[in-house]
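Chains as they are written, first to last, in my numbering: chain A, 2 to 288; chain B, 55 to 298; chain C, 35 to 359. For each residue, glycine too, the CB sits at the ideal point set by N, CA and C. Single-structure report; data block below.
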Amino acid sequence: MEILIIGTVRGALYSLIAVGFVLIFSVGGILNLAHGTYYMLGAYLTYIFYTFVFGAGGIDLLLISVVFSVLSVGMIACLVYYILLRPHIQSLLYVMVMTLALALFVGEIMSLLFGVSGTSVPSLIEGSMSIGGINVINQQLILIPITAVILPALWVFLKKTKMGQGVDAVAQQRTGAILVGVSVETATLITSALSASLAALAGALIAPVSSVVPEMWLFPLIKAFAIAILGGIGSLVGSIIASFVVGYAEILGSFLISEQLTELVALVVIILVLVFKPSGIMGYKLR
Amino acid sequence: MSLLEISNLTKTFGGLRALERISLTVKSGEILGIIGPNGAGKTTLFNCITGFLPFDSGSVLFDGHNIQGKKPYQIVNLGLTRTWQLLKPFFGMRVMEAMMVPSFSKRARSSRLSKEEEKENIAGILQDMGLTKHLWLEVDNLSQGELKLLDILRAFVTRPKILLLDEPFSGLSHQEIEKISRVIRKLNNQGLTVVIIEHRLRELMKLVQKVVVINFGNKIAEGTPEQVVREPKVIEAYLGKRGR
Amino acid sequence: MNLLKRLAPLTRNQSPFGLILLIAMALFPFLSDNIFYLEVIKLAAIYAIFTMSWDVLTGYTHEVNFGFAFFIGGAGYLSGIVTSHLSVSPYLAIPVAALAAGVSGIFIGYLTLRLKGPYFAMATLAFASILFKLSFILYGITGGEEGISGLEAFTDDPTKDFFVVWGVMVAVYLSLCLYARSKHGIILKAIRADEDATQSAGINTAYYKIEAFAISGFMAGIGGGVFAHSQMHIGPTMLSGYLSVIVVLLAMIGGMGTIVGPLLGAICLSIVNESLRIVEEYRIIIYTGLLILFIYLAPDGLVNLKFIKGSKVLSFIFLGDRKST
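Okay, here's the thing in structure tokens:
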């Protein structure tokens with residue numbers, strides 16, 4: 002039972018992160034290795050806004066901090082795209098290296114500002130709940146309803162709104178979209194903001210119950226990358242499914258075998274998937 | 055003596071029959087033209103017989119070898135070379151380097167005597183085509199027409215027995231087409247068999263001895279240029295029923 | 035023979051700048067007594083081996099190897115384990131370890147043949163991560179987080195050690211230059227431009243891709259082994275993603291696909307890194323920031339800058355390009 006709940010929480014968390022990662026790749030062709038950094042910034046910026054701007058007021062100010070943090074990260078992502086990535090966006094190597102260098106850079110800045118030991122962020126919802134005899138932390142639980150609202154909202158945005166449909170078109174059939182008059186640059190700009198905001202939200206939400214350290218950008222990035230490959234780099238639904246699969250598998254793994262071995266197994270699985278079925282479980286082949 | 059025997063070649067993409075039991079024979083020393091409307095399956099045919107696309111049924115015998123399942127480079131080393139419809143220049147390399155790539159193939163290596171002689175040979179070919187001044191230029195600097203010529207010239211370097219040209223004249227000026235046609239004729243006189251897919255019918259018909267017409271994956275006509283041009287099915291394929 | 039004169043043999047296009055750099059490094063011990071600086075240049079030389087080996091694969095095929103630490107750390111550990119447990123001399127252990135790295139290069143190269151772009155990068159990263167994890171799981175042999183210390187050095191004297199490393203670096207440089215300017219390099223560049231067209235030219239592209247992987251791995255293995263024995267210690271940092279990334283950055287900033295570029299990148303940036311020690315607290319931030327700036331301004335690398343490639347004089351000095359006409 003515990004596995005089910007924690008696995009679902011993990012899956013929800015991962016899906017917020019992975020969906021953004023896959024989206025910006027489908028739309029902008031950007032393999033954003035700074036994606037984990039946006040996640041990290043979500044956590045750190047919430048802390049910064051709450052502590053320094055709002056003077057650690059009450060829960061409602063904490064909520065506003067989260068919102069501000071998410072919005073700021075969205076804007077940062079837009080700037081990164083517009084200034085740093087756009088000039089050489091055709092080169093995958095450039096994008097990968099530049100975003101990775103940025104990730105290292107921001108990580109170092111956080112290390113300088115906040116030190117190597119963790120920073121603590123207060124929870125939005127204190128305490129814990131008992132479900133089926135298991136004690137679950139509330140802060141973790143809220144991920145589930147929030148994700149359950151956001152992902153469908155994203156779907157509605159992509160399929161029903163004009164702006165979203167433009168983004169969707171670019172993701173699916175770039176040339177076609179251009180021919181119909183959709184601006185790829187605008188779509189990529191919007192998606193950068195969206196993608197980063199999702200990651201930042203995840204980071205902000207999980208911050209109170211997870212370690213907020215300057216290296217916290219690395220693992221979410223690797224997980225997002227792995228999930229993208231497993232679920233298929235072109236498919237959003239695939240990545241959502243894969244997020245939950247990975248979430249449950251991780252928990253199961255750490256129960257049955259050690260945590261280290263689970264990660265090892267995960268890596269081997271990734272290689273096997275890459276070698277034998279590069280398009281992932283549901284994805285499209287790389288253009 | 056037939057160099058290339060294609061029997062009942064069929065290729066399907068999902069629900070689409072791209073090639074429907076195509077059979078054709080190419081005799082050694084021939085210059086054969088393959089024509090047909092866009093989307094007829096001509097390039098698909100080339101892709102199947104050069105190992106770039108697996109085919110569903112039928113057989114392809116080249117020089118007595120069954121080439122099914124062979125990798126493209128292996129087929130080239132047997133003596134069957136092709137060019138591509140869309141330019142495939144070696145960007146980021148110098149012209150001389152690009153021209154030398156095919157000389158590293160097993161086939162070219164087994165026939166030439168020394169690296170220096172090969173380089174001279176290549177330089178000679180380039181000189182014939184008037185490209186000598188470009189020898190050490192980066193490929194990126196050449197014009198469309200020159201890149202096209204380069205693609206074709208690279209094919210010669212593999213010392214093929216049979217050369218498949220996919221729309222060699224597209225994008226070239228009349229003089230350039232004349233140049234290429236002359237070289238093709240010269241090489242054909244020396245024993246090279248040539249198969250050409252083309253849309254520029256007037257220039258093509260001057261060059262070829264036999265023509266095969268493909269439409270919707272089917273061979274609809276075969277014969278000399280004069281015969282084929284008068285075939286009702288062929289006229290219909292190009293101009294529609296009213297063309298009759 | 036006008037034509038022959040134009041066809042300058044490709045194997046003889048040495049970069050004068052590269053040679054000058056190598057000689058300058060050799061002269062350094064004679065000009066300065068400072069052991070500390072000597073160690074810095076020695077480390078720079080080792081990093082140069084890493085970056086040049088990386089360049090042989092990624093610079094010439096444009097498939098990004100993001101897990102290069104696999105070969106470096108893998109061979110380093112192998113050499114370390116063999117010398118400490120089996121009392122074998124490093125002069126034997128390092129080539130053996132490098133050979134193992136080369137063979138695994140064949141293996142990985144084969145598995146990743148059909149992968150492109152991000153998939154290839156991810157696969158190489160995954161392999162490196164597996165080795166990284168193993169170094170912790172098998173802590174009995176690998177010493178876990180601590181690594182293995184007290185490894186045998188090459189000689190008893192830091193200066194002699196430096197020359198050993200320098201010698202290896204020069205050997206790697208010259209052999210990689212030879213390889214890159216030979217038909218192997220040309221074929222790799224052709225594959226990079228268009229693999230289909232290269233196949234159409236009768237070339238077994240799979241073979242050459244795997245070969246490049248193996249050579250890249252072997253050379254990196256040499257570098258890894260040399261590193262382990264010159265620092266007398268090997269630890270998980272040599273298998274870390276951070277090392278892989280640094281190698282990529284240094285090679286890119288120097289200039290991919292040239293062998294000279296990564297040499298330059300490694301040496302210059304290692305020196306820059308050291309000179310920033312005066313502001314130790316901000317060193318890494320400034321260093322990383324500089325790297326970002328460099329990549330932004332010169333994404334193809336310093337040696338590949340348009341104004342160098344465009345100028346006949348400069349392209350000869352840096353790249354050894356002799357353009358007739």
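Candidates the options: closest to residue i by CA position
{"i": "residue 198 of chain C", "options": "C/141, C/174, C/256 and C/273", "result": "C/256"}
{"i": "residue 267 of chain C", "options": "C/115, C/51 and C/162", "result": "C/115"}
{"i": "residue 132 of chain B", "options": "B/161, B/123, B/157 and B/141", "result": "B/161"}
{"i": "residue 86 of chain B", "options": "B/261, B/73 and B/119", "result": "B/261"}
{"i": "residue 60 of chain C", "options": "C/51, C/49, C/76 and C/50", "result": "C/76"}
{"i": "residue 31 of chain A", "options": "A/23, A/266 and A/37", "result": "A/23"}
{"i": "residue 263 of chain B", "options": "B/280, B/287 and B/274", "result": "B/280"}
{"i": "residue 297 of chain C", "options": "C/262, C/228, C/211 and C/318", "result": "C/211"}
{"i": "residue 57 of chain B", "options": "B/237, B/249 and B/266", "result": "B/249"}
{"i": "residue 204 of chain A", "options": "A/48, A/269 and A/5", "result": "A/48"}
{"i": "residue 133 of chain C", "options": "C/295, C/259, C/276 and C/332", "result": "C/259"}
{"i": "residue 224 of chain B", "options": "B/257, B/134, B/272 and B/276", "result": "B/257"}
{"i": "residue 267 of chain A", "options": "C/161, C/339 and C/221", "result": "C/161"}
{"i": "residue 109 of chain C", "options": "C/321, C/208 and C/176", "result": "C/176"}
{"i": "residue 376 of chain C", "options": "C/89, C/235 and C/187", "result": "The requested residue 376 of chain C is not part of the displayed model; chain C covers only 35 to 359."}
{"i": "residue 165 of chain B", "options": "B/123, B/195, B/209 and B/214", "result": "B/214"}
{"i": "residue 336 of chain A", "options": "A/72, A/252, A/119 and A/247", "result": "There is simply no residue 336 of chain A to check, as chain A begins at 2 and stops at 288 in what is shown."}
{"i": "residue 193 of chain C", "options": "C/233, C/205, C/54 and C/64", "result": "C/64"}
{"i": "residue 326 of chain C", "options": "A/85, A/76 and A/45", "result": "A/85"}
{"i": "residue 238 of chain A", "options": "A/141, A/5, A/27 and A/7", "result": "A/27"}
Check whether residue i and residue j have beta carbons under 7 angstroms apart
{"i": "residue 228 of chain A", "j": "residue 250 of chain A", "result": "no"}
{"i": "residue 239 of chain C", "j": "residue 225 of chain C", "result": "yes"}
{"i": "residue 193 of chain B", "j": "residue 156 of chain B", "result": "no"}
{"i": "residue 269 of chain C", "j": "residue 285 of chain C", "result": "no"}
{"i": "residue 150 of chain B", "j": "residue 189 of chain B", "result": "yes"}
{"i": "residue 245 of chain A", "j": "residue 12 of chain A", "result": "yes"}
{"i": "residue 113 of chain C", "j": "residue 131 of chain C", "result": "yes"}
{"i": "residue 64 of chain B", "j": "residue 117 of chain B", "result": "no"}
{"i": "residue 230 of chain A", "j": "residue 203 of chain C", "result": "no"}
{"i": "residue 35 of chain A", "j": "residue 100 of chain A", "result": "yes"}
{"i": "residue 16 of chain A", "j": "residue 241 of chain A", "result": "yes"}
{"i": "residue 194 of chain A", "j": "residue 78 of chain A", "result": "yes"}
Expected contact under 8 angstroms - CB spacing of residue i and residue j to nearest Å
{"i": "residue 288 of chain C", "j": "residue 335 of chain C", "result": "5 angstroms"}
{"i": "residue 99 of chain B", "j": "residue 121 of chain B", "result": "At roughly 13 angstroms, the Cβ-Cβ gap does not stay under 8 angstroms, so residue 99 of chain B and residue 121 of chain B are not in contact."}
{"i": "residue 106 of chain A", "j": "residue 323 of chain C", "result": "6 angstroms"}
{"i": "residue 103 of chain C", "j": "residue 264 of chain C", "result": "Not confirmed; about 17 angstroms, so no contact."}
{"i": "residue 139 of chain B", "j": "residue 221 of chain B", "result": "5 angstroms"}
{"i": "residue 275 of chain A", "j": "residue 144 of chain C", "result": "With 8 angstroms as the limit, residue 275 of chain A and residue 144 of chain C do not qualify as a contact, their Cβ atoms being about 13 angstroms apart."}
{"i": "residue 84 of chain B", "j": "residue 212 of chain B", "result": "That pair is no contact at about 19 angstroms."}
{"i": "residue 221 of chain A", "j": "residue 25 of chain A", "result": "Actually they do not touch by this definition, with Cβ atoms about 14 angstroms apart."}
{"i": "residue 309 of chain C", "j": "residue 78 of chain C", "result": "That belief does not hold up - the Cβ atoms of residue 309 of chain C and residue 78 of chain C are roughly 12 angstroms apart, past 8 angstroms."}
{"i": "residue 96 of chain A", "j": "residue 198 of chain A", "result": "No, residue 96 of chain A and residue 198 of chain A are not in contact; Cβ-Cβ is about 20 angstroms, not under 8 angstroms."}
Host alpha helix (DSSP H) of residue i (start-end)
{"i": "residue 75 of chain A", "result": "60-80"}
{"i": "residue 142 of chain B", "result": "Run containing residue 142 of chain B: none; DSSP gives neither H nor E here."}
{"i": "residue 160 of chain B", "result": "160-165"}
{"i": "residue 59 of chain B", "result": "First-last for residue 59 of chain B: 56-67, but that is the beta strand (DSSP E), not the alpha helix (DSSP H)."}
{"i": "residue 250 of chain A", "result": "237-257"}
{"i": "residue 162 of chain C", "result": "151-171"}
{"i": "residue 269 of chain A", "result": "260-277"}
{"i": "residue 212 of chain C", "result": "192-215"}
{"i": "residue 126 of chain C", "result": "124-145"}
{"i": "residue 17 of chain A", "result": "3-29"}
Opening and closing residue of the beta strand (DSSP E) in which residue i lies
{"i": "residue 184 of chain A", "result": "No beta strand (DSSP E) holds residue 184 of chain A; DSSP gives it neither H nor E."}
{"i": "residue 187 of chain B", "result": "Element bounds for residue 187 of chain B: n/a, residue is neither H nor E."}
{"i": "residue 249 of chain B", "result": "247-251"}
Where residue i meets chain E, residues with beta-carbon distance less than 8 angstroms
{"i": "residue 226 of chain C", "result": "Absent from the structure is chain E; the protein chains it does hold are A, B and C."}
Inside the region 132-157 of chain A only - alpha helix (DSSP H) runs reaching at least 4 residues: Taking 4 residues as the minimum length, the alpha helix (DSSP H) runs contained wholly in the region 132-157 of chain A are 139-142, in order along the chain.
Ranges of the beta strand (DSSP E) found wholly within the region 58-106 of chain C, counting only runs of at least 3: Whole beta strand (DSSP E) segments, 3+ residues: zero.
Length at least 3, wholly inside the region 170-254 of chain B: the beta strand (DSSP E) runs in chain order: Restricted to the region 170-254 of chain B, the beta strand (DSSP E) segments that are unbroken, complete and at least 3 residues in length are 216-220 and 247-251, listed in chain order.
Entirely enclosed alpha helix (DSSP H) segments - the region 87-147 of chain B, minimum 4 residues: For the region 87-147 of chain B, the full-length alpha helix (DSSP H) segments reaching 4 residues or more read 96-103 and 126-132 along the chain.
Entirely enclosed beta strand (DSSP E) segments - the region 322-350 of chain C, minimum 3 residues: The region 322-350 of chain C contains no whole beta strand (DSSP E) run of 3 or more residues.
Segments of 3+ residues assigned as beta strand (DSSP E) that fall wholly inside the region 85-135 of chain A: Correct list: 129-132.
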